[in-house]
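Okay, so here's the structure we're looking at.
Residue numbers (my numbering), protein chains in the order written: chain G, 1 to 285; chain P, 286 to 566.
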């Protein structure tokens, strides 16, 4: 490894600044801590917030996993992995269990996270009230006043328009009975995994220059009404065509005959399930 | 002296100034001001020592020319602006013993959401123009702690019907409504949490006469049926004559005259009030 960069790309001062913001974020669950988002060798909006968190945290003994919409092998995930590996030489894995540091875009892995793991999520819009209030000055005051009627109003409008809550992803949550937080565009299916998570979850928005966190074992409640409770996407009657798994988040695909079929969204989980069933057939055979 | 009745809203010595003041203008009498403006340091004294009381089921009129501090006073009462000094007590909050201007931001938010309603002259200020009419009403209910969609929908529908918005339009956005309809949605929104105090800031200005009559009827009905205490700001004396039981007259940020509406209109004492009444066409 012959590269003119400092370890993990950043100079030590930058890493310390990001870690300070991270510590503050952990101390105040759900509070968006501003930080000096750096120029990165990838474009803003391509995960620079998550990447900066990862680079500020990574050490020589870490094992890294990067996923993009559930896939370890998409272009974005691979580019980020290559940049990190070129400047740190850490071990890379696809297996959720083995990783100590996971950077993810828009999914929380199916394999439950553990206490020794940190999940870093990439966030495009960290402000849950942005759609009803364009001004940052105003939203900061709304958070200070704990005035979140706007977030509920958005859900109310959806019910009025569509007869049900129609958030596709990024369904707002209330954390630690205080802040309302955008959980990054993870599907509603993943929202319950935030609640009392064993792993530390950090969220970084590079373009918006914000870091916030879900500390381990923190109460996280998805916003809902008394008569319209929160409902994750339902895949209970779907089976993965490749590995036969049930009860995980599925992608819907359409084959050439125009018939829909389903496949695990979390590619590494799917592969693992396939290997498992192969082993079982070997033993039995 | 024993007081017979506790006022629903009591304002004592409310002041609002823009600028720090200087030795020239900060004397207690504020002499040397040009209207409400200090020519030396440029400080504007928008409201100077305004005091009044509103009792249950009463409508208080506030008249005065434009720039006399009426709207500034209203926005201070609704915490849209921070008052420089003064005390405001409302009977619904800690039995009228705490100065609500000195409460924390969260408490003030609570008072605003639970105990007050406001209708602005400009519906853009009071409504979310791109959210449905019923959503706008729900916003106030949600802020007051409601979390049941069907209850809020029922309440919203009843209120909108009460202000004559046809049921088939309640899911439309106010941006597509006429000015009069927007104003009526605003009133419905202000009423949604049954506030004991309603602040109306030039509600009929800019509406055509038949719609004006409609809105005034509605306000009069609210006083009769719900016993709400209302503060009506207007520069239109006809509106004040029709609505208000008592009236205060403001000029250059000060209250220059107060009394029963009839008395003020028939027998004005202050030169400005005399001029105002006589310029009525």
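By construction, the Cβ of each residue, glycine as well, lies at the ideal position given by its N, Cα and C atoms. Source: prediction; values computed, not measured.
CA-CA distance, residue 256 of chain G and residue 153 of chain G?
-> 42 Å
| request: Scan the stretch 144 to 159 of chain G for residues whose Cβ lies nearer than 8 Å to a Cβ of chain P and list them as they occur along the chain. | output: 144, 145, 146, 147, 149, 150, 152, 153, 156, 157, 159
**Prompt:** Taking the DSSP output, what are the residues bridged to residue 174 of chain G?
**Reply:** G:180, G:221
Exercise. If you drop the 5 nearest sequence neighbours on each side, which residues of the same chain put their C-beta closer than 7 Å to that of residue 114 of chain G?
Worked result: 198, 199
Relative to the ligand ADP, is the shortest distance from any of its heavy atoms to the C-beta of residue 173 of chain G smaller than 6 Å? In the structure on display, the ligand ADP does not appear, and there are no ligands present to speak of.
- Query: Any idea what DSSP makes of residue 212 of chain G, helix, strand or coil?
  - Reply: strand
| List, in order along the chain, the chain G residues whose C-beta lies closer than 8 Å to that of residue 428 of chain P? | 147, 149
_Taking its Cβ as the centre, do 16 or more other Cβ atoms sit within 10 Å of residue 416 of chain P, making it buried, or is it exposed?_
buried
What whole-angstrom Cβ distance do residue 126 of chain G and residue 210 of chain G have, given they're in contact under 8 Å? 4 Å
By the 10 Å Cβ neighbour count, where 16 or more other Cβ atoms means buried, how is residue 419 of chain P classified, buried or exposed?
buried
Could you compute how far the alpha carbon of residue 88 of chain G sits from the alpha carbon of residue 116 of chain G?
20 Å
Notebook entry, point to check: In chain G, what lies closer than 9 Å to residue 442 of chain P by C-beta?
Noted result: Those do not exist, as residue 442 of chain P stays about 11 Å from chain G at its closest Cβ, beyond 9 Å.
* Spell out the partners DSSP gives residue 204 of chain G in its beta bridges. => G:122, G:211
Check: Quick one: does residue 172 of chain G have its CB under 7 Å from some CB of chain P?
Finding: no
Can you tell me whether residue 451 of chain P is buried or exposed, with buried defined as 16 or more other CB within 10 angstroms of its CB? exposed
Taking the straight line between their C-alpha atoms, what separation do you get for residue 371 of chain P and residue 219 of chain G? 42 Å
Helix, strand or coil at residue 408 of chain P according to DSSP, with G and I counted as helix = helix
Practice problem: Taking the CB atoms as reference points, tell me whether residue 19 of chain G and residue 70 of chain G lie closer together than 7 Å. | Solution: no
Listed by chain order, chain G residues near residue 433 of chain P by CB distance under 8 Å:
225, 226, 227
- Cβ of residue 205 of chain G within 7 Å of Cβ of residue 187 of chain G? no
Between residue 488 of chain P and residue 349 of chain P, which are expected to be in contact by the criterion C-beta below 8 Å, what is the C-beta distance as a whole number of angstroms?
That pair is no contact at about 16 Å.
- Does residue 424 of chain P come within less than 7 Å of chain G when only Cβ atoms are used? yes
Inter-stretch contact (C-beta, 8 Å, three-pair minimum) for the stretch 335 to 349 of chain P and the stretch 512 to 525 of chain P:
yes
Does residue 559 of chain P pass the burial test, meaning 16 or more other C-beta atoms within 10 Å, or should it be called exposed? exposed
Check: What runs of the beta strand (DSSP E), each 3 residues or longer, lie entirely inside the stretch 312 to 361 of chain P?
Finding: 329 to 339, 344 to 348
**Study point:** Collapsed DSSP secondary structure at residue 286 of chain P in the structure displayed
**Key:** Because the pLDDT of residue 286 of chain P is 47, which lies under 50, any placement of that residue in the model is unreliable, and the number read from its coordinates should be weighed accordingly. Coil.
| With 16 as the cutoff for other CB atoms within 10 Å, does residue 412 of chain P come out buried or exposed? | buried
**Prompt:** By the criterion of Cβ-Cβ separation under 9 Å, what are the contact partners of residue 364 of chain P in chain G?
**Reply:** In chain order: nothing, as chain G lies at least about 11 Å away.
message: Rounded to whole angstroms, what is the Cα-Cα separation between residue 493 of chain P and residue 476 of chain P?
response: 23 Å
Count Cβ pairs between the stretch 231 to 245 of chain G and the stretch 43 to 59 of chain G that sit closer than 8 Å; are there 3 or more? no
- Message: Within 10 Å of its beta-carbon, does residue 518 of chain P have 16 or more other beta-carbons around it, so buried, or fewer, so exposed?
- Response: buried
Got a sec, what are the start and stop residues for the beta strand (DSSP E) residue 295 of chain P sits in?
294 to 303
DSSP three-state call for residue 15 of chain G: helix, strand or coil?
helix
(request) Just mark residue 542 of chain P as buried or exposed, buried being the case when its beta carbon has 16 or more other beta carbons within 10 Å. (result) buried
Residues that residue 456 of chain P contacts on chain G, provided the C-beta gap is smaller than 8 Å
160, 161
| 7 Å Cβ shell around residue 446 of chain P - same chain, five flanking residues per side excluded | 452
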